Amino acid sequence: MAALSDQLLVVAILGYLVAMLCYAAEYSFGARGAVARVAARAAARPRELATVGAGGSTAAGSTVGGSTPPVVAPVSPAPVSPAPVSPAGGSPGNVGRRLHGLGVAALVFTVLAALAHAGCLATRGLAAHRVPWGNMYEFVLAVTLVAAVAWLVLVVRRPKVRPLGLFVALTLVVLLGLDGMVLYTRVAPLVPALNSYWLKIHVTLAATASGILLVGFCAAVLHQIRAGYERGKRGFPFTLGVRLPVADNLERLTFRVHAFAFPIWTLAIICGAIWAESAWGRYWGWDPKETWSFIAWVVYAGYLHARATPSVKRSTATWIAVVGWVAMMVNLFGVNFVVHGLHSYAGV
Amino acid sequence: MSTVHAAEAPPTTPPDGAPRNRAAGLARRSWRSLTSMRTALILLFLLAVAAIPGSLLPQRNVNVEKVSQYIAAHPTAGPWLDRLALFDVFSSPWFSAIYLLLFVSLVGCVVPRLRTHLQALLRTPPDAPARLSRMPAHAGDLRHDGDPASAAQALRALLRRRRFRVAVREQADGGYTVSAEKGYLKETGNLLFHFSLLLLLFGVAFGSWYGWHGNRNVIAGPDGAFCDTLQQYDDYGLGARVSPRDLPPFCVQLDSFRASYLDNGQPLQFAGNISYTVGRSAQPREQSVSVNHPLRLPKANVYLLGHGYAPVIRYTDRFGRAQTTAALFLPEDDTLTSSGVATFPDANVDPKVGVDPNHKQQVAFWGIYLPTAPSDPSVGHSAFPAERDPRLMLTAYRGDLGMDAGIPHSVYTLDQDEISSGRLQKVGKPMMLKPGDSATLDDGTKVEFLGTRPWATIAVRYDPGEKIVLVAAGLLVLGLLISLSGRRRRVWFRVTPDGGRSVSLVEAAALPRNDYPGFQAEFERIVSEAKGRT
Numbered sequence: 001m002a003a004l005s006d007q008l009l010v011v012a013i014l015g016y017l018v019a020m021l022c023y024a025a026e027y028s029f030g031a032r033g034a035v036a037r038v039a040a041r042a043a044a045r046p047r048e049l050a051t052v053g054a055g056g057s058t059a060a061g062s063t064v065g066g067s068t069p070p071v072v073a074p075v076s077p078a079p080v081s082p083a084p085v086s087p088a089g090g091s092p093g094n095v096g097r098r099l100h101g102l103g104v105a106a107l108v109f110t111v112l113a114a115l116a117h118a119g120c121l122a123t124r125g126l127a128a129h130r131v132p133w134g135n136m137y138e139f140v141l142a143v144t145l146v147a148a149v150a151w152l153v154l155v156v157r158r159p160k161v162r163p164l165g166l167f168v169a170l171t172l173v174v175l176l177g178l179d180g181m182v183l184y185t186r187v188a189p190l191v192p193a194l195n196s197y198w199l200k201i202h203v204t205l206a207a208t209a210s211g212i213l214l215v216g217f218c219a220a221v222l223h224q225i226r227a228g229y230e231r232g233k234r235g236f237p238f239t240l241g242v243r244l245p246v247a248d249n250l251e252r253l254t255f256r257v258h259a260f261a262f263p264i265w266t267l268a269i270i271c272g273a274i275w276a277e278s279a280w281g282r283y284w285g286w287d288p289k290e291t292w293s294f295i296a297w298v299v300y301a302g303y304l305h306a307r308a309t310p311s312v313k314r315s316t317a318t319w320i321a322v323v324g325w326v327a328m329m330v331n332l333f334g335v336n337f338v339v340h341g342l343h344s345y346a347g348v
Numbered sequence: 349m350s351t352v353h354a355a356e357a358p359p360t361t362p363p364d365g366a367p368r369n370r371a372a373g374l375a376r377r378s379w380r381s382l383t384s385m386r387t388a389l390i391l392l393f394l395l396a397v398a399a400i401p402g403s404l405l406p407q408r409n410v411n412v413e414k415v416s417q418y419i420a421a422h423p424t425a426g427p428w429l430d431r432l433a434l435f436d437v438f439s440s441p442w443f444s445a446i447y448l449l450l451f452v453s454l455v456g457c458v459v460p461r462l463r464t465h466l467q468a469l470l471r472t473p474p475d476a477p478a479r480l481s482r483m484p485a486h487a488g489d490l491r492h493d494g495d496p497a498s499a500a501q502a503l504r505a506l507l508r509r510r511r512f513r514v515a516v517r518e519q520a521d522g523g524y525t526v527s528a529e530k531g532y533l534k535e536t537g538n539l540l541f542h543f544s545l546l547l548l549l550f551g552v553a554f555g556s557w558y559g560w561h562g563n564r565n566v567i568a569g570p571d572g573a574f575c576d577t578l579q580q581y582d583d584y585g586l587g588a589r590v591s592p593r594d595l596p597p598f599c600v601q602l603d604s605f606r607a608s609y610l611d612n613g614q615p616l617q618f619a620g621n622i623s624y625t626v627g628r629s630a631q632p633r634e635q636s637v638s639v640n641h642p643l644r645l646p647k648a649n650v651y652l653l654g655h656g657y658a659p660v661i662r663y664t665d666r667f668g669r670a671q672t673t674a675a676l677f678l679p680e681d682d683t684l685t686s687s688g689v690a691t692f693p694d695a696n697v698d699p700k701v702g703v704d705p706n707h708k709q710q711v712a713f714w715g716i717y718l719p720t721a722p723s724d725p726s727v728g729h730s731a732f733p734a735e736r737d738p739r740l741m742l743t744a745y746r747g748d749l750g751m752d753a754g755i756p757h758s759v760y761t762l763d764q765d766e767i768s769s770g771r772l773q774k775v776g777k778p779m780m781l782k783p784g785d786s787a788t789l790d791d792g793t794k795v796e797f798l799g800t801r802p803w804a805t806i807a808v809r810y811d812p813g814e815k816i817v818l819v820a821a822g823l824l825v826l827g828l829l830i831s832l833s834g835r836r837r838r839v840w841f842r843v844t845p846d847g848g849r850s851v852s853l854v855e856a857a858a859l860p861r862n863d864y865p866g867f868q869a870e871f872e873r874i875v876s877e878a879k880g881r882t
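Same order as they appear, the protein sequences are chains P and A. Be aware that the first sequence starts at 1, since it is given in our numbering, and climbs by one per residue. Be aware that the second sequence starts at 349, since it is given in our numbering, and climbs by one per residue.
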């Protein structure tokens with residue numbers, strides 16, 4: 001079982017990697033992708049706006065810096081439709097359909113990778129006869145699985161956000177790769193402090209919140225890129241904004257994902273405190289992990305407050321969400337590797 | 349933490365500029381800026397930043413020993429960091445200042461908001477704005493076959509069924525407006541969240557006033573028993589409102605302690621059997637206590653935290669008197685390499701002469717205990733935390749142990765001043781002993797390593813604020829969920845008579861008072877329902 005789990009991890013990483021390549025291919029060569037845009041600009045400059053405008057669900061993306069209607073993305077099962085008019089001549093229909101296929105392939109690979117990922121976690125749990133988040137390796141596995149599932153739920157409910165998939169898959173591959181190479185630990189029973197039913201509650205909540213916040217972080221970063229692009233910036237990261245949904249929609253998505261994850265994170269901290277009371281004799285003791293959970297909570301609370309304040313610019317508020325994710329990462333990696341605390345278990 | 353204040357009129361400046369008014373104006377302005385959202389956000393951010401050093405530097409409330417080690421290792425920076433309270437971040441004046449200001453800002457914001465919200469709960473929804481078409485959602489051209497009054501009643505019933513709060517107002521032109529509002533719970537949740545934060549702070553403060561804790565390292569066995577008095581604890585902390593007499597009467601004894609490990613040294617289980625008596629009841633009760641399973645007594649909880657080995661050492665002095673001590677050794681790493689000191693202050697006292705204060709012959713052994721000796725003897729660390737192949741390395745010292753000077757001093761190390769001044773001298777070479785081994789010192793005295801006894805750190809804690817904090821945390825999550833999922837919106841209908849015929853013209857509009865998905869869809873459903881009914 002343990003060996004199967006390790007193999008499934010490799011399968012999952014490869015799956016996400018292939019999905020990432022598909023997203024990337026769709027991203028670069030899509031009808032409204034970077035390459036297509038350049039081609040369109042060269043071939044038919046005056047037609048560009050019309051072409052892009054007719055392009056379907058992310059059409060509003062072309063109204064650079066313009067005021068975009070604050071309409072919520074309608075829930076429609078139709079994925080990005082190919083551009084009906086060719087930007088650069090040739091056979092537009094074929095190109096469009098192939099590219100559409102790339103997007104679908106990306107989603108299919110994400111689903112397959114997530115299944116392998118879930119299998120990896122499940123076999124790990126079966127091998128160890130316990131919930132499979134008893135050490136840092138398993139925790140990162142769980143967090144990334146939650147992120148992958150949250151991403152799939154999001155993309156099914158709002159197909160427009162699919163261009164974000166490239167960045168979600170990238171983050172997943174990086175985190176899982178780090179996890180497999182640096183944090184890997186062999187299957188083992190729990191250390192005594194973790195041997196409690198609170199492990200199931202506290203760590204599950206923490207992993208769920210972290211996974212959803214990961215998706216929120218991707219949305220926040222892409223909002224910044226897109227907002228920069230809409231302000232007319234054309235430097236490196238902002239060129240990626242070409243095919244992203246409108247900044248306003250990304251911003252709204254960022255807020256909703258965070259508003260969903262924040263109560264879960266709060267509950268995770270509270271359950272951790274209840275557990276700490278029975279394990280260590282106090283509900284809060286400013287252990288480094290507790291301190292950084294508190295810091296992340298305060299930063300995310302600041303984000304939600306800033307978002308609700310009209311005088312704070314939306315992009316400023318979104319930066320706070322990015323800072324919140326930095327605090328989460330310090331909490332996950334920094335605290336476990338650099339600072340020694342009560343939450344240091346199983347080698348790390 | 350609201351934006352309500354921004355909308356209020358700026359403070360009126362007194363025309364004559366009298367000093368008192370100026371001071372009052374300044375106070376009012378400071379109060380407003382303190383309770384503004386911007387200040388609250390800055391304070392929140394400061395709070396997060398201020399917590400960072402608390403996680404990077406050792407903290408006294410977590411580990412006093414590490415703070416001392418850090419200060420010793422950084423002789424220049426250490427004292428300065430200490431002066432800035434960076435080793436007590438979470439009780440430092442600057443950290444307290446930040447969170448107290450934050451809570452003052454919170455009170456200054458949520459109390460007026462509570463008032464506003466209560467007023468809103470009592471008030472009927474406001475009348476429709478003059479131009480409904482300017483609202484984010486709008487639908488015109490609805491018709492109703494009937495006079496305006498019946499149309500208004502139908503719309504009122506429709507909105508009531510959707511659990512809106514509805515007000516119908518007759519207009520001068522013979523028409524009606526129907527105003528409806530829903531989602532008051534959102535603000536209720538928001539206020540609940542912020543007030544539970546205040547309750548949480550109160551719970552924490554209450555716990556720190558009326559709570560207390562004490563720790564003691566206890567060797568298993570009847571001689572390790574202790575009762576709940578301050579003198580019996582190795583270290584303790586009493587809340588500001590707790591006197592030593594308030595400690596509940598109970599006695600605790602560690603009967604046995606077990607630890608089991610995996611082959612790679614990872615701990616599997618720690619458990620101790622504790623027998624205890626509460627109050628004057630003479631009958632001791634027993635309970636197994638382990639990590640995650642404390643012993644809960646009335647007004648005190650007993651936790652098992654650390655553990656280690658206490659080598660039992662017998663020393664026979666030059667007058668043939670044998671003394672035995674179980675010396676508590678502190679673990680230094682995960683494999684329980686432990687070090688400590690066994691002292692024999694009454695050794696070598698000539699029974700005929702008595703104690704000679706100027707020529708003491710007290711004996712102490714400084715030792716390192718390895719529960720499992722490593723295969724490579726040059727490695728100074730234990731290979732495994734359980735006792736598979738135990739070794740005790742002892743170094744003997746003789747002279748004045750410095751115990752009579754009245755200076756408190758760690759019982760786990762020898763007094764370095766006594767050693768450096770030569771009053772306490774090293775005797776011979778270090779001895780390596782297995783259980784049962786003995787060694788003879790240069791003066792013919794004998795030391796024996798009889799074996800070890802387990803010890804455990806027993807922590808006794810009482811925090812009466814816990815329940816308050818728990819309730820506050822529950823309310824906090826509840827408020828958060830209500831607040832974040834709540835949707836406050838207003839819907840209006842304007843019914844106007846259509847030129848005397850028994851037909852009314854109906855116009856609808858809606859305004860979301862916070863940003864949420866599904867607003868447009870809900871409005872469309874209401875409009876289509878209105879079409880069906882009117």
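Even for Gly, the Cβ is constructed at its ideal location relative to N, Cα and C. Here the structure is a predicted model, which is why all the values come from computation and not from measurement.
Asked	Found
Return the chain-ordered list of same chain residues with a C-beta closer than 6 Å to the C-beta of P77 of chain P, the five sequence neighbours on each side being excluded.	Confidence at P77 of chain P is low in this model, with a pLDDT of 39, below 50, so the placement of that residue should be treated as unreliable; the coordinate-derived value is given next. Counting only Cβ-Cβ distances below 6 Å, and skipping sequence neighbours, we find nothing.
At a CB-CB cut-off below 9 Å, which residues of chain P make contact with S638 of chain A?	P192, N195
Cβ atoms of A712 of chain A and Y745 of chain A: under 8 Å apart, would you say?	yes
Could you name the residues that DSSP lists as bridge partners for N621 of chain A?	A:S604, A:S636
Which residue's Cα is closest to the Cα of P570 of chain A: A:V626, A:R801, A:D694?	A:R801
Thinking Y532 of chain A and L469 of chain A are a contact (beta carbons under 8 Å), I'd like their distance in whole angstroms, please.	6 Å
Leaving out five residues on either side along the sequence, give the residues of the same chain with a beta carbon under 6 Å from the beta carbon of V72 of chain P.	Since pLDDT at V72 of chain P reaches only 38, below the 50 mark, its modelled position is unreliable, and the value read off the structure follows with that caveat. There are no such residues.
Output yes if chain P places a C-beta closer than 8 Å to the C-beta of G834 of chain A; else output no.	no
Would a check of beta-carbon distances place A188 of chain P closer than 8 Å to chain A?	yes
Do you know how far the Cα of S498 of chain A is from the Cα of E518 of chain A?	12 Å
Answer with yes or no whether the minimum CB distance from G281 of chain P to chain A is below 8 Å.	yes
Excluding five sequence neighbours on each side, which residues of the same chain lie with their C-beta closer than 6 Å to the C-beta of A433 of chain A?	S440
Where does E735 of chain A fall in DSSP's three states?	coil
For the beta strand (DSSP E) that contains I755 of chain A, what are its first and last residues?	That residue, I755 of chain A, is in no beta strand (DSSP E); it is neither H nor E in DSSP.
Ignore the nearest five residues each way along the sequence and tell me which others in P646 of chain A's own chain have a CB closer than 8 Å to its CB.	P596, V626
Leaving out the 5 sequence neighbours to the left and right, which residues in its chain are closer than 7 Å to I295 of chain P when beta-carbon positions are compared?	A327
Decide if L178 of chain P is buried, meaning its Cβ has at least 16 other Cβ atoms within 10 Å, or exposed.	exposed
Name, in chain order, the residues that DSSP records as bridge partners for V797 of chain A.	The question names Val, yet the displayed sequence has Phe at residue 797 of chain A. F797 of chain A is bridged to A:I661.
Going along the region 266-277 of chain P in order, which residues come within less than 9 Å of chain A, judged by CB to CB distance?	T266, L267, I269, I270, A273, I274, W275, E277
My understanding is that A148 of chain P touches I212 of chain P, with C-beta atoms under 8 Å, so please give their C-beta distance in whole angstroms.	About 11 Å separates the two Cβ atoms, so there is no contact after all.
Enumerate in chain order the residues of its own chain whose CB-to-CB distance from S381 of chain A is below 7 Å, with the five nearest sequence positions on each side excluded.	T387
Would T309 of chain P pass as an interface residue toward chain A - the criterion being a Cβ-Cβ separation below 8 Å?	yes
Does the separation of the CB atoms of V839 of chain A and A588 of chain A fall below 8 Å?	no
Counting only the same chain and skipping the five closest in sequence on each side, list residues whose C-beta sits under 8 Å from that of L394 of chain A.	I446
Within the same chain, show all residues whose beta-carbon is closer than 8 Å to that of F451 of chain A, passing over the 5 residues directly before and after it, in chain order.	L545, L546, L549
Mind pulling the chain P residues with CB within less than 8 Å of L434 of chain A?	Ordered by position in chain P, no residue passes the 8 Å Cβ test against L434 of chain A, which lies about 13 Å from the chain.
With DSSP as the reference, label D571 of chain A as helix, strand or coil.	helix
Please classify V155 of chain P as buried or exposed, where buried requires at least 16 other C-beta atoms within 10 Å of its C-beta.	buried
Please check if any C-beta of chain P sits within less than 8 Å of the C-beta of R471 of chain A.	no
Please state whether DSSP places E529 of chain A in a helix, a strand or coil.	strand
Among all the DSSP beta bridges, which residues are the ones paired with F692 of chain A?	A:V711
Which residues does DSSP list as the beta-bridge partners of V335 of chain A?	Since the first and last residues shown for chain A are 349 and 882, residue 335 of chain A lies out of range.
G728 of chain A by DSSP, collapsed to three states: which one?	coil
Please confirm if the region 631-644 of chain A is in contact with the region 824-840 of chain A, defined as three or more CB-CB distances below 8 Å between the two stretches.	no
Would you call the region 184-194 of chain P and the region 251-271 of chain P touching, i.e. three or more CB-CB distances under 8 Å?	no
The alpha helix (DSSP H) spanning G776 of chain A covers which residue range?	Counting along the chain, G776 of chain A falls outside any alpha helix (DSSP H), though it belongs to the beta strand (DSSP E) covering 772-781.
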